[in-house]
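Engineer: With the first letter of the sequence shown counted as 1, position 101 gets the number 81 in the numbering used here; the numbers rise by one all the way through.
Dumping the structure here so I can ask a few things about it.
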Amino acid sequence: MTEKQILDDLNGYEFEELMVDVFRKMGYDDVKVSKKTGDKGRDIIMEGESGNVVVECKHQDKVGRPVVQKLHSAVSTFENCRKGIVATTGRLTNPAQEYADEVSGNGGEEIELVDGQDLREIGESIGLDLYSGKIEVICNESLGYPGQEEIKDRVTHELDDVENFTDNQIDSIDVEAAFIPSFCVDARIDSTFETSVGVISEVHERDKILFTAQRSGPSTMNEQVGGLVSQNLDGTREIDMDELGDEFSDAEIRRFGRTETEYQEWVVERERDRYSHTVRYTGDNNVTYTKECTPNKSDVEIRDVKPFYLPKIKSETSIKRYNYGYECYAAGNDILVDRNDLSQCVHCGSDQGTITFCENCGSLNCSSHIKTERLEKEPVCTGCAVTDQFFLKKKYFYTQQNRDEFQQIYQEMPLYKKPLENKPLTAGAILAILSVAIWMGLNAPLI
């Protein structure tokens, strides 16, 4: 690749925007494009370890001594600034290099020169594609996450309140982890809208945007997930693949679907859409006008970009015929439950009231879907029970064999006991007979 081929499709402004991202990835703080109030030899302003740093960007084949001299002047006049950088996609002439060495060797200001070759080496370390000018996402940091033993403890704890259940009825608990690519972007928007009557609207806001960044496209985190992440974003840890293999039955680290540059472009458009609004104003002629006010791309400043992985832990608990999912987002010691099959009825999804375990099939049931097994006198769910009617009352059984056994018992019952299989009907019949008897007694003719 020749120097001319590097970032060849970018214009000067786009090159400056790219270098903002490059320097941010290199560890500089508060990196931003300087407002174009006059060419003073500083395209980018940022903060380094010892003060402010100014940068002159040149997207051209050759950079000579005059450019370095202008940068030196900018360093000398800018407040709390001891360092300047010339960044170019091309090459630097010998006089330019000599002048930079001379200034830096005097023990005062420092002038650093970054040419096409240097940019190529920097690009390899930060994921910069020198053909497209886009920065790939390089990330191995994740929010903290619990191990599988902690998740298993949470699962068994969820089952503590289930009636008719003991932990030894669990066949297995399988725990997996998925690491979701995510971003936290700090953006500031400063936009002023003017007409012939003057300023009609202004927008001055600063936002922290949290979003997932999967192949399907960026998606803003909801309030609950965003809150979990915000409180724990300072506690990221490096992902250890060997540890994941030992800790979980399966661990998936999903890929970022786009480049970091493309995600920043998405944030810019999101902010523009968010702060677009309609303004009504009165002109000098006393006529009322409306104006659609949409911030320009240049009004949105990306101040910080932090890629990270959001852990989502998934467990599957097997109990006889059923598998129960329990999923949560994790961030350090905090979790946010996203799915919990362990606290709801398998038949209707209700999580209200008492949940009862059916030992016959392994189901969890609300009060509407749990009955008493006629022969065993134990809970049985309506989903697995064998049913039949005795004295016009539906009865529930674990198996057909239990049903047949009870039928034999029923046939051998004394006649007076059979009505007890349908106590409401029997009680109603007795009440009706008594009511008729009383009525007849009250209405019998006197002799």
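All C-beta atoms in this analysis are idealised placements derived from N, C-alpha and C, irrespective of residue type, glycine included.
1. Check this for me: beta carbons of Thr262 and Thr270, under 8 angstroms apart or not?
2. Nearest CA to the CA of Thr68: which residue from Glu(-6), Ile106, Leu355, Ser122?
3. Where do the N-terminal and C-terminal ends of the beta strand (DSSP E) with Ala80 fall, by residue?
4. Following the continuous beta strand (DSSP E) through Tyr376, name the residue where it begins and the one where it ends.
5. Using 8 angstroms as the threshold, is the C-beta distance between Arg217 and Phe159 below it?
6. Which one or two residues does DSSP pair with Thr258 in a beta bridge?
7. Is the region 250 to 257 touching the region 272 to 279 in the sense that three or more CB pairs, one from each, lie closer than 8 angstroms?
8. Taking the alpha-carbon positions, what's the Asp1 to Trp246 distance?
9. Three-state secondary structure (DSSP) at Asn(-9)?
10. I'd like to know whether the C-beta atoms of Glu296 and Asp133 end up nearer to each other than 8 angstroms.
11. According to the Cβ coordinates, are Val285 and Glu240 closer than 8 angstroms?
12. Leaving out five residues on either side along the sequence, give the residues of the same chain with a beta carbon under 7 angstroms from the beta carbon of Leu208.
13. What residues in its chain sit with their C-beta under 7 angstroms from that of Gln40, if we drop five residues either side in the sequence?
14. Classify Gln332 as helix, strand or coil using the three-state DSSP reduction.
15. Count the other C-beta atoms from every protein chain shown that fall within 10 angstroms of the C-beta of Leu372, then say buried if there are 16 or more, exposed otherwise.
16. Could you tell me the distance, in whole angstroms, from the CA atom of Leu99 to the CA atom of Leu93?
17. Within this structure, are the beta carbons of Arg168 and Arg195 separated by less than 8 angstroms?
18. Is it the case that the Cβ atoms of Thr367 and Ile350 are separated by a distance below 8 angstroms?
19. What ranges does the alpha helix (DSSP H) occupy inside the region 219 to 253, keeping only unbroken runs of at least 4 residues that lie completely in it?
20. Buried or exposed: Lys397, going by 16 or more other Cβ atoms within 10 Å of its Cβ?
21. Closest to Thr379 by C-alpha separation, out of Leu411, Cys346, Glu339, would be which residue?
22. Straight-line CA distance for Gln211 to Tyr289?
23. Find the nearest neighbour of Asn345 within the set Gly206, Leu213, Cys328, Glu121, judged by alpha-carbon distance.
24. Start and end of the alpha helix (DSSP H) containing Thr57?
25. To which residues of the same chain is Gly44 closer than 7 angstroms at the C-beta, ignoring the five residues directly before and after it?
26. Classify Gly7 as buried or exposed, calling it buried when 16 or more other Cβ atoms lie within 10 Å of its own Cβ.
27. Could you give the first and the last residue of the continuous beta strand (DSSP E) run that contains His184?
28. With H, G and I counted as helix, E and B as strand and the rest as coil, what does DSSP make of Thr17?
29. Should Asn148 go down as buried or exposed, given a rule of 16 or more other Cβ atoms within 10 Å for buried?
30. Can you give the Cα-Cα distance for Lys12 and Ile65, rounded to whole angstroms?
31. Based on the DSSP secondary-structure assignment, which residues constitute the bridge partners of Pro291?
32. Assign Thr172 to one of two classes, buried (16 or more other C-beta atoms within 10 Å of its C-beta) or exposed (fewer than that).
33. Does the structure place the region 352 to 366 close enough to the region 376 to 395 that three or more beta carbon pairs sit under 8 angstroms?
34. When the Cα atoms are used, what is the spatial distance from Ser298 to Gly305?
35. My understanding is that Gly342 touches Lys300, with C-beta atoms under 8 angstroms, so please give their C-beta distance in whole angstroms.
36. Expressed to the nearest angstrom, what Euclidean distance is found between the alpha-carbon atoms of Ser56 and Gly28?
Structural biologist: Reading from the atomic positions:
1. No, they are not a contact pair.
2. Nearest C-alpha to Thr68: Glu(-6).
3. Not the beta strand (DSSP E): Ala80 falls in the alpha helix (DSSP H), residues 74 to 85.
4. Its beta strand (DSSP E) spans residues 373 to 377.
5. Phe159 sits away from Arg217, with the two beta carbons spaced by 8 angstroms or more.
6. Beta-bridge pairing by DSSP links Thr258 to Glu272.
7. The region 272 to 279, when compared against the region 250 to 257, does touch it at the 8 angstroms Cβ threshold.
8. Straight across, the Cα-Cα distance linking Asp1 with Trp246 is about 15 angstroms.
9. The answer is coil: DSSP assigns Asn(-9) none of H, G, I, E or B.
10. Cβ distance not < 8 angstroms, so Glu296 and Asp133 don't count as in contact.
11. In contact: Val285 and Glu240 (Cβ atoms closer than 8 angstroms).
12. Within its own chain, the residues whose Cβ lies closer than 7 angstroms to the Cβ of Leu208, once the five positions on either side in sequence are excluded, are Tyr309, Ala311, Asp314, Leu316, listed in chain order.
13. Same-chain partners within the cutoff: Thr68, Gly70.
14. It is coil, neither helix nor strand.
15. By the neighbour-count criterion, in which 16 or more other beta carbons inside 10 Å mark a residue as buried, Leu372 falls on the exposed side.
16. If you take the alpha carbons of Leu99 and Leu93, they lie about 10 angstroms apart.
17. Contact: no.
18. Cβ distance not < 8 angstroms, so Thr367 and Ile350 don't count as in contact.
19. With a minimum length of 4 residues, the unbroken runs of alpha helix (DSSP H) contained wholly in the region 219 to 253 fall at 221 to 227.
20. With fewer than 16 other Cβ atoms within 10 Å, it is exposed.
21. The residue from Leu411, Cys346, Glu339 with its alpha-carbon nearest to that of Thr379 is Glu339.
22. The C-alpha of Tyr289 is placed about 15 angstroms away from the C-alpha of Gln211.
23. With respect to the C-alpha of Asn345, the residue from Gly206, Leu213, Cys328, Glu121 having the closest C-alpha is Cys328.
24. In the DSSP assignment, Thr57 falls within the unbroken alpha helix (DSSP H) covering 45 to 57.
25. If we look at Gly44 and ignore the five residues flanking it on each side, its Cβ neighbours are Thr73, Pro75, Ala76.
26. Taking all protein chains shown into account, Gly7 has fewer than 16 neighbouring C-beta atoms within 10 Å of its C-beta and is therefore exposed.
27. His184 -> beta strand (DSSP E) spans 178 to 194.
28. The predicted position of Thr17 is uncertain, since its pLDDT is 49 and thus under 50; no value can be drawn from it.
29. With fewer than 16 Cβ atoms within 10 Å of its Cβ, Asn148 is classed as exposed.
30. Roughly 14 angstroms separates the two Cα atoms.
31. The partner list for Pro291 (beta bridge, DSSP) reads Phe159.
32. Thr172 counts as exposed, since fewer than 16 other beta carbons sit within 10 angstroms of its beta carbon.
33. The region 376 to 395 is in contact with the region 352 to 366.
34. Between Ser298 and Gly305, the C-alpha separation is close to 9 angstroms.
35. In this structure Gly342 touches Lys300 by the C-beta definition: roughly 3 angstroms separates them, less than 8 angstroms.
36. Using only the alpha carbons, I get a separation of about 16 angstroms.
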